[in-house]
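The letter at position 411 of the sequence shown is residue 409 when you use our numbering, and the numbering goes up by one with no holes.
For glycine and all other residues, C-beta sits at the position ideal for the given N, C-alpha and C.
All remarks here apply to the structure that follows.
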Amino acid sequence: MEKVAIYCRLSEEDRNKKFETDDSNSIQNQKAMLLEYSIEHGWEVYNIYSDDNYTGSDRNRPEFVRLLQDAEARKFDIILCKSQSRFTRELELVERYINGLFPIWGIRFVSLVDNADTANKGNKKSRQINGLVNEWYLEDMSENIRSVLTNRRKNGFHIGAFALYGYKKDPEQKGHLIIDEEAAAVVREVFTLFSQGYGKTAIARTLNDRGVPNPTEYKRLHGLRYQQPKRKNSTLWKYSAISDMLVNEIYIGNMVQGKYGSISYKTKQNKPRPKETWYRVEGTHEPIIERDLWDRVQAMVASRAKPFDVGSIGLFARKARCANCGYTMRSSKNHGRHYLICSNRHVSKDACIGAFIPVEKLEKMVIQELNALSRTYLDQDELERNVQFSQNLEQQKANWIESKAKLQKQLEDNRAYLRTLYMDKVKGIVSEEDYISMADSFAADRERMEQQIKEADHRLEELEAQMLAGDQRKELIQRYTNVEHLTREMVEILIDYISVGKRIPGTHEVPIEIHWNF
């Protein structure tokens, strides 16, 4: 029996959701239609891939990407869509996959509405014409949107999804900003403190000590659907946020937009645009900062600006992390000596307990541990004593293989249940509504099991890598035995990262944990 992968997609313009977490009704209809078609043709449904709220020009749709990965792995024989445009609107991808790679991979592409079928060589031109029409549609739509947005920018209308911190969108006039007094008070304080001689880090610490949420957290607290960075202390004010605020002309009533532009309509990637191409319109909204204060701050910013030092990269640059908060440690220099320090503790007294270590001391500690590893792994007797460790890895591998086999059996049972469910629907034992609901439940279970199988494969790969690690460690360490000084190249080759803790009170000892690349 041939296996079919069902792909469904719904874009924002035709979405119709009851709840934010639900699949759209149209997605449900697509699934029901394609499931019925698959079973009528005697195809076994391998999986249902569903991207909700994604355009056909988005190449990074998560389920679309997973579908292509599974296709390349030959996990099914057929891809079934409602229409070719649901798969993609780009002619380039039509040629690359539908007319190119899918036949090489032995995969048939079928779409219902426009009768695309790669098993029928006679309709290849039809598929190409469909792809060309969809490509024209995307290009025309992109140009029309770009033209409208450019015109609005030139006329000083705000077109961003979110207003700059300190402002909010005017509910009475689209594209107009009004002052958000709660946030504006913080903006005024930042400018005032800087004009009084406070540094940017000191200002950030002042706000954090008072518990003032940073702009990202402020948006979230006020119900705006703004994506929050998923890392520790992401709600704190930082040097960069203060720095960007102090030079933003929007705070004196000027609308400045177009600092970044997309490379093309086929990608969401943006790149900085030259300053002379920015859209700048004066006096579009009420200023938060008075002009004299603004001018004083700009003069101070210019006088404090220093060019970056030109020189070689630091020995442990981007390799040392604070053990407490996870932030990358920054280098500093004092009386000719170089140090690594966690600067996160300076932005808030509660952000981090801090970490500090001289570069020279860290280098000696790394060399000491490297030489200790040399003695361990270059000693044949010690290697033989590690056989028990290898046997433990073998047992872990056997356990994961057994778990994977059980999951694969459950996956086969899931597919069998789905076929039985469909026959019950045909016989009238199960209603259409119950069928769709239960089919979705089966699909969710299947997706969970596939993720668990993928995790098992990943763990098996890791275990096999660990079983080979002994020889790899020996080979690497032999090349770097009895070294007296480290080079940047050695650090890059040998070290993933180093976790640095706070000095142990009453001693000169700084705890470190080296994560090697072998």
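Taking 7 angstroms as the cut-off, the Cβ atoms of VAL295 and ALA202 do not count as close. For GLN171, the closest C-alpha among the options LEU291, HIS156, GLU288, GLU460 is that of HIS156. Under the Cβ criterion (8 angstroms, minimum of three pairs), the stretch 403 to 418 counts as touching the stretch 443 to 461. Only exposed fits ARG373, as fewer than 16 other CB atoms lie within 10 angstroms of its CB. As the crow flies, the alpha-carbon of THR199 is around 10 angstroms from that of PHE192.
The Cβ neighbour count for LYS257, taken over all protein chains shown within 10 Å, is under 16; the residue is labelled exposed. Shown here for ALA30: same chain residues with a beta carbon closer than 6 angstroms to its own, the five before and five after excluded, namely ILE434 in chain order. Per the Cβ contact rule, the stretch 274 to 289 is not in contact with the stretch 314 to 323 (fewer than 3 Cβ pairs under 8 angstroms). When beta bridges are read from the DSSP output, ASP115 appears opposite VAL108. Secondary structure at LYS1: strand, using DSSP grouped into helix, strand and coil. In this structure, LYS500 sits near ALA353, with a CB-CB distance shorter than 7 angstroms.
Contact between GLU361 and LEU484 holds, since their C-beta atoms are separated by about 5 angstroms, short of 8 angstroms. DSSP places LEU78 inside the beta strand (DSSP E), whose first and last residues are 76 to 79. When C-alpha distances from VAL254 are compared across MET436, ILE76, GLY154, the shortest belongs to GLY154. Minimum Cα-Cα distance from GLY251 among the listed residues GLU280, ASP112, ALA183 corresponds to GLU280.
Of the residues VAL43, LEU33, CYS6, the one whose Cα lies closest to the Cα of ASN51 is CYS6. Taking one beta carbon from each stretch, the stretch 58 to 67 and the stretch 108 to 117 have fewer than 3 pairs nearer than 8 angstroms; the two do not touch. Linking SER429 to ALA463 through their CA atoms gives a straight-line distance of about 51 angstroms. When DSSP states are grouped into helix, strand and coil, ASN45 belongs to the strand group.
Beta-bridge partners assigned by DSSP to ARG328: ILE339. For GLN26, the three-state secondary structure derived from DSSP is helix. Membership of TYR495 in the beta strand (DSSP E) is indicated by the continuous run 493 to 498.
Your pair ILE105 and ASP56 does not check out as a contact, with CB atoms roughly 22 angstroms apart and the cut at 8 angstroms.
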